[in-house]
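Visitor: Whatever position you read off the sequence shown (first residue = 1), add 720 for the working numbering.
Built from N, CA and C at the ideal position, the CB exists for glycine as well.
Dropping a structure here in structure tokens format, bear with me for questions.
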Amino acid sequence: MSFDLALRLTEALLALALAQQALEHMASPLRGEAALFAPRLALAAALALGVAPGWVCAALLAHGLLVLRRFDGPYNGGSDRMTLLCLICLTGAHWAPEPAWRALSLAYLAGQLTLSYAISGWVKIVNPDWRTGRALRDVFLFSTYPVSGNLRGFAGRPALMRATGWAVMLFEILFPLSFLHPAALAASLVVAAAFHLANAALFGLNRFFWAWLAAYPSLLWLQARLMG
């Protein structure tokens with residue numbers, strides 16, 4: 721995958737994440753939400769269409785910093801951080817003065833994506849509640865997200881919770897190894913995307929899906945560059 725293609729795909733996928741966030745806020749009854757996020761929706765549309773992407777990324781980054789001030793930080797946790805990380809790296813990839821620095825901006829995004837999975841797996845695997853399946857059981861049992869009654873019943877199956885928890889932990893902590901072969905990386909990204917989609921469908925973590933997918937092209941580009 722070429723640098724330009726990876727950049728364009730990242731922009732297009734991130735535009736979907738930004739549009740989703742904007743639409744959620746614009747549907748909010750809270751005063752001022754629509755006015756604050758209408759510019760994000762317009763800029764996301766421009767980014768999706770490839771209109772002046774360098775300027776649009778810089779404007780979206782500035783808007784993201786404004787939103788941070790409005791909510792006293794990344795109130796939606798990891799998805800907000802990944803969105804801002806993508807915007808910072810895209811802005812750098814467009815505006816850095818040297819080609820090597822522009823490439824480094826996209827490579828940094830790929831590195832942070834890899835670390836996001838590996839560190840998440842490590843944090844889980846050193847937690848005894850995750851190793852026994854209790855943590856995942858509690859997610860199903862006590863989650864405030866719209867988990868149906870039938871899905872909550874899985875909390876009463878400790879062997880399933882333990883096996884599923886270990887599958888998640890091992891996949892995350894071993895994710896960096898997928899970088900060793902193109903087929904392994906492609907398969908791992910498919911599994912990771914399915915994981916985020918399941919979290920969106922089951923637990924309402926819908927913002928994570930597009931935010932993380934937006935960083936996938938950078939990893940495919942970096943692997944192709946290093947192995948080519």
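Measure the alpha-carbon distance for M802 versus A931 and round it to whole angstroms.
Guide: Rounded to whole angstroms, M802 to A931 spans 6 Å at the Cα level.
Visitor: Just to confirm, is the Cβ distance from I893 to W842 under 9 Å?
Guide: Cβ distance < 9 Å, so I893 and W842 count as in contact.
Visitor: Going straight from the alpha carbon of A830 to that of A935, what length do you get?
Guide: Answer to the nearest angstrom: the Cα atoms are 7 Å apart.
Visitor: In terms of residue numbering, what span does the alpha helix (DSSP H) encompassing P819 cover?
Guide: That run of the alpha helix (DSSP H) goes P819 to I845.
Visitor: Within 8 Å, do at least three Cβ pairs link the segment 936 to 948 to the segment 742 to 756?
Guide: As far as the Cβ criterion goes, the segment 742 to 756 does not touch the segment 936 to 948, which means the pair count is below three.
Visitor: Applying the criterion that 16 or more other CB atoms from any shown protein chain within 10 Å of the CB defines a buried residue, is M881 buried or exposed?
Guide: Answer is buried; the Cβ neighbour count reaches 16.
Visitor: If you compare alpha carbons, which of R851, R822, G876 and T834 is closest to L727?
Guide: The residue with the shortest Cα to Cα distance from L727 is R822.
Visitor: Roughly how many angstroms lie between the CA atoms of R927 and A827, to the nearest whole one?
Guide: Taking the straight line joining both Cα atoms gives about 23 Å.
Visitor: So with Cβ pairs under 9 Å, would you call W932 a contact of chain C?
Guide: In summary, chain C is missing from the structure at hand, where a single protein chain is found.
Visitor: Please check the pair F860 and L871, which I expect to be a contact at CB under 8 Å, by giving their CB distance rounded to whole angstroms.
Guide: At roughly 6 Å, the Cβ-Cβ gap stays under 8 Å, so F860 and L871 are in contact.
Visitor: Taking the alpha helix (DSSP H) that M881 belongs to, which residues open and close that run?
Guide: Where M881 is concerned, the enclosing alpha helix (DSSP H) stretches over P878 to L894.
Visitor: Roughly how many whole angstroms lie between the Cα atoms of A887 and L856?
Guide: Spanning the two alpha carbons is a distance of roughly 12 Å.
Visitor: Using 8 Å for Cβ pairs, my map puts L824 next to E731. What's the rounded Cβ distance?
Guide: About 18 Å separates the two Cβ atoms, so there is no contact after all.
Visitor: Less than 9 Å between the C-beta atoms of A758 and M746, yes or no?
Guide: Yes; because the gap between Cβ atoms is below 9 Å, this pair is in contact.
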